[in-house]
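S.K.: Going line by line, the protein sequences match chains A and B. FYI, the numbering for the first sequence is 207 to 394, going by the numbering used here. FYI, the numbering for the second sequence is 207 to 394, going by the numbering used here. Glycine residues also receive a C-beta, built at the ideal position from the N, C-alpha and C atoms. My structure is below; once you've seen it, I'll send some questions.
Number of protein chains: 2
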Amino acid sequence: MSDQDKLTEARNSVIDAFGRSFALYGWPEVIGHIYGVLYFAEQPVGLEEIAGELGVSKATVSINVRVLEGLKCVRKVWQKGSRRDYYEAERNFTKILVKIVKNNIAKELEITNAAINKSKELLTQVGNSPDEDLRNNAKAHNRLIIKLEKEYKWYGRVVEMFGAGEKLWNTVTFKDKNNKDDEQVGLT
Amino acid sequence: MSDQDKLTEARNSVIDAFGRSFALYGWPEVIGHIYGVLYFAEQPVGLEEIAGELGVSKATVSINVRVLEGLKCVRKVWQKGSRRDYYEAERNFTKILVKIVKNNIAKELEITNAAINKSKELLTQVGNSPDEDLRNNAKAHNRLIIKLEKEYKWYGRVVEMFGAGEKLWNTVTFKDKNNKDDEQVGLT
DNA sequence: CAATATATTTAGAATAATCTAAACGTTATA
DNA sequence: TATAACGTTTAGATTATTCTAAATATATTG
Numbered sequence: 207m208s209d210q211d212k213l214t215e216a217r218n219s220v221i222d223a224f225g226r227s228f229a230l231y232g233w234p235e236v237i238g239h240i241y242g243v244l245y246f247a248e249q250p251v252g253l254e255e256i257a258g259e260l261g262v263s264k265a266t267v268s269i270n271v272r273v274l275e276g277l278k279c280v281r282k283v284w285q286k287g288s289r290r291d292y293y294e295a296e297r298n299f300t301k302i303l304v305k306i307v308k309n310n311i312a313k314e315l316e317i318t319n320a321a322i323n324k325s326k327e328l329l330t331q332v333g334n335s336p337d338e339d340l341r342n343n344a345k346a347h348n349r350l351i352i353k354l355e356k357e358y359k360w361y362g363r364v365v366e367m368f369g370a371g372e373k374l375w376n377t378v379t380f381k382d383k384n385n386k387d388d389e390q391v392g393l394t
Numbered sequence: 207m208s209d210q211d212k213l214t215e216a217r218n219s220v221i222d223a224f225g226r227s228f229a230l231y232g233w234p235e236v237i238g239h240i241y242g243v244l245y246f247a248e249q250p251v252g253l254e255e256i257a258g259e260l261g262v263s264k265a266t267v268s269i270n271v272r273v274l275e276g277l278k279c280v281r282k283v284w285q286k287g288s289r290r291d292y293y294e295a296e297r298n299f300t301k302i303l304v305k306i307v308k309n310n311i312a313k314e315l316e317i318t319n320a321a322i323n324k325s326k327e328l329l330t331q332v333g334n335s336p337d338e339d340l341r342n343n344a345k346a347h348n349r350l351i352i353k354l355e356k357e358y359k360w361y362g363r364v365v366e367m368f369g370a371g372e373k374l375w376n377t378v379t380f381k382d383k384n385n386k387d388d389e390q391v392g393l394t
């Protein structure tokens, strides 16, 4: 293997790792690959160039880079004198994680609260049923729904705290006697 | 719509919501549906019964209930006098979230650290190249890899802290003046 | 040991996601 | 206003995932 190939391989192995990391969260690997190209770029990169580096179509990059933008993993940056869209990576993983967790849980709460409200409405109606068994079933089910609602309320708050912690973490330095390289890298 | 249908609908709308919530994280909806059946069950439920309730094959339940077990969303419980496998839901979402985040990040670290180590090894080799440009490229890339390594170290620790927070959260009660239903539901 | 009751694996069909190439729309500039 | 340089959308091919039904494996009971 030539030295040039080794350099390429060093780069690609990490880009590949990003791909598999994103896949852990249900995203297509190419999203991680795009993020990888941007992670290693010293300057903001255009769509065409990303596509070229990865050997995928511009359409794929166009679509997926917007997903990355939505996840706050990359930012679009404007460059004077060019009409291209350029992108750069957000390299603070903690920031990304917090945003994604908060975002997902917000969606989760939205989905579930809608279902909970619908359920409560329906169960209230069944509460007036002439059939006693149905009324009792509705009552039992309603208890579970109320419990679920409370659980989600709690859950939402834990996530809020997780998000609030972000600010705290950016003031912290971890001490590790085994590693003198230790330092604060999470600062934005 | 009959009262019986309303009851069924109340139940199914939440089961459906669980399906869509799991889909947010890249899982098939049926996983959320299975979780939903177990969430609403007063007693542990067997595979056959879950399959029947949802109208899916037993194979699907068998495979996906093990995924849920891996995610610590459900537990297998033994029932005296039966040879069936019974399952019950973990209903503490915070617990589930912390486990999943920690688990995913552990995998992520494993994937990325392997790639980082491989890269460092390769770049060290390129560091001895007779070609000066290649040596310089390797050096520049190595700096980025070192930075990445530090970022992941930090990231891993933030997640550790998130996990440690679980214990703390179980001692907390949130105050909310707008809601007198408020109480500690996160306790296990 | 045979019969039964179970869970799991497998092969293949159905479905859904992803990618590409080409068409399209938009904006800037000559 | 025409052209060029983009990004985006669309239609369809490809690929991967998910599901089912049947076969298989495993353990339990009589």
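Rounded to whole angstroms, what's the CA-CA distance from residue 281 of chain B to residue 268 of chain B? Just pull it up for me.
M.R.: The alpha-carbon atoms of residue 281 of chain B and residue 268 of chain B are separated by roughly 13 Å.
S.K.: Can you tell me which of the three DSSP states residue 281 of chain B falls into?
M.R.: Here residue 281 of chain B sits in strand by DSSP.
S.K.: Inspect the CB distances between the segment 302-309 of chain B and the segment 252-265 of chain B and report whether three or more fall short of 8 Å.
M.R.: No, they do not touch.
S.K.: What in chain B is Cβ-close to residue 236 of chain A, meaning under 7 Å?
M.R.: Per Cβ cutoff of 7 Å: no residues; residue 236 of chain A is ~15 Å from chain B at best.
S.K.: Going along the chain, which residues of its own chain have a beta-carbon closer than 7 Å to the beta-carbon of residue 220 of chain A, five neighbours each way excluded?
M.R.: So the list reads 242, once near-sequence residues are dropped.
S.K.: Spatial neighbours of residue 314 of chain A within its chain, please: CB distance less than 6 Å, with the 5 preceding and 5 following residues excluded, ordered by chain position.
M.R.: Same-chain partners within the cutoff: there are none.
S.K.: Express the C-alpha separation of residue 331 of chain A and residue 212 of chain B in angstroms, rounding to a whole number.
M.R.: Going by the C-alpha atoms only, they are around 8 Å apart.
S.K.: I want to verify the contact list: residues of chain B whose CB lies under 7 Å from the CB of residue 210 of chain A, in sequence order.
M.R.: Simply 340.
S.K.: Are the CB atoms of residue 271 of chain A and residue 260 of chain A nearer to each other than 8 Å?
M.R.: It is not a contact, given that the beta carbons lie outside the stated cut-off.
S.K.: By the three-class DSSP mapping on this structure, what secondary structure does residue 238 of chain A have?
M.R.: Helix, per DSSP.
S.K.: Less than 8 Å separating the beta-carbons of residue 322 of chain B and residue 355 of chain B?
M.R.: In contact: residue 322 of chain B and residue 355 of chain B (Cβ atoms closer than 8 Å).
S.K.: Determine whether the Cβ of residue 289 of chain B lies closer than 8 Å to any Cβ atom of chain A.
M.R.: Cβ-Cβ to chain A under 8 Å: no for residue 289 of chain B.
S.K.: For a test of your reading of the model: does the CB of residue 273 of chain A fall under 7 Å from any non-hydrogen atom of the ligand ZN? Yes or no.
M.R.: For the ligand ZN, the structure offers nothing, since it holds no ligand at all.
S.K.: Kindly list the residues whose CB is nearer than 8 Å to the CB of residue 318 of chain A, restricted to its own chain and excluding five residues on each side of it in sequence; keep chain order.
M.R.: Same-chain partners within the cutoff: 354, 358.
S.K.: Which partner residues of residue 293 of chain B appear in the DSSP bridge assignment?
M.R.: Partner(s): B:251, B:282.
S.K.: To the nearest angstrom, how far is it from the Cα of residue 348 of chain A to the Cα of residue 209 of chain B?
M.R.: Spanning the two alpha carbons is a distance of roughly 14 Å.
S.K.: Please identify the residue among A:250, A:297, A:287, A:234 whose C-alpha is closest to the C-alpha of residue 273 of chain A.
M.R.: When only C-alpha atoms are compared, the closest one is A:234.
S.K.: Enumerate in chain order the residues of its own chain whose CB-to-CB distance from residue 302 of chain B is below 8 Å, with the five nearest sequence positions on each side excluded.
M.R.: Around residue 302 of chain B: 277, 278, 279, 296.
S.K.: If we count Cβ pairs, one from each stretch, closer than 8 Å, do we get three or more for the segment 368-380 of chain A versus the segment 361-368 of chain B?
M.R.: Contact between the segment 368-380 of chain A and the segment 361-368 of chain B is present, because at least three Cβ pairs lie under 8 Å.
S.K.: Following the continuous alpha helix (DSSP H) through residue 233 of chain B, name the residue where it begins and the one where it ends.
M.R.: Per DSSP, residue 233 of chain B belongs to no alpha helix (DSSP H) and is neither H nor E.
S.K.: Report the neighbours of residue 260 of chain A on chain B: residues whose CB is nearer than 9 Å to its CB, in chain order.
M.R.: Within chain B, no residue comes near residue 260 of chain A; the closest Cβ sits about 16 Å away, beyond 9 Å.
S.K.: By Cβ distance below 8 Å, which residues in the same chain neighbour residue 335 of chain B in space, the five residues on each side in sequence not counted?
M.R.: Same-chain partners within the cutoff: 341, 344.
S.K.: Within 8 Å (strictly less), CB to CB, does residue 345 of chain A reach chain B?
M.R.: Not one chain B Cβ lies under 8 Å of residue 345 of chain A.
S.K.: Excluding five sequence neighbours on each side, which residues of the same chain lie with their C-beta closer than 8 Å to the C-beta of residue 225 of chain B?
M.R.: 235, 236, 237, 238, 239, 242, listed in sequence order.
S.K.: Kindly indicate the opening and closing residues of the alpha helix (DSSP H) around residue 276 of chain A.
M.R.: Start and end: 264-276.
S.K.: Where does residue 300 of chain A fall in DSSP's three states?
M.R.: Here residue 300 of chain A sits in helix by DSSP.
S.K.: In terms of residues, what are the limits of the alpha helix (DSSP H) holding residue 364 of chain B?
M.R.: Where residue 364 of chain B is concerned, the enclosing alpha helix (DSSP H) stretches over 338-375.
S.K.: So which residues on chain B does residue 310 of chain A lean against when the C-beta distance must stay under 8 Å?
M.R.: What residue 310 of chain A touches in chain B: 230, 231.
S.K.: Report the three-state DSSP secondary structure of residue 378 of chain B (helix, strand or coil).
M.R.: Reduced to three states, the DSSP call for residue 378 of chain B is coil.
S.K.: Around the C-beta of residue 214 of chain B, are 16 or more other C-beta atoms found within 10 angstroms, so that it is buried, or is it exposed?
M.R.: Residue 214 of chain B should be labelled exposed.
S.K.: How close, in whole Å, do the beta carbons of residue 351 of chain A and residue 325 of chain A come, if the pair is a contact with beta carbons under 8 Å?
M.R.: With a Cβ gap of about 5 Å, residue 351 of chain A and residue 325 of chain A count as contacting.
S.K.: Taking a Cβ distance cut-off of 8 Å, strictly less, list which residues of the segment 289-304 of chain A are near chain B, in chain order.
M.R.: Answer in chain order: 297, 298, 299, 300, 303.
S.K.: Give the secondary structure of residue 258 of chain B by DSSP, where H, G and I count as helix, E and B as strand, and everything else as coil.
M.R.: In this structure, residue 258 of chain B counts as helix in the three-state DSSP scheme.
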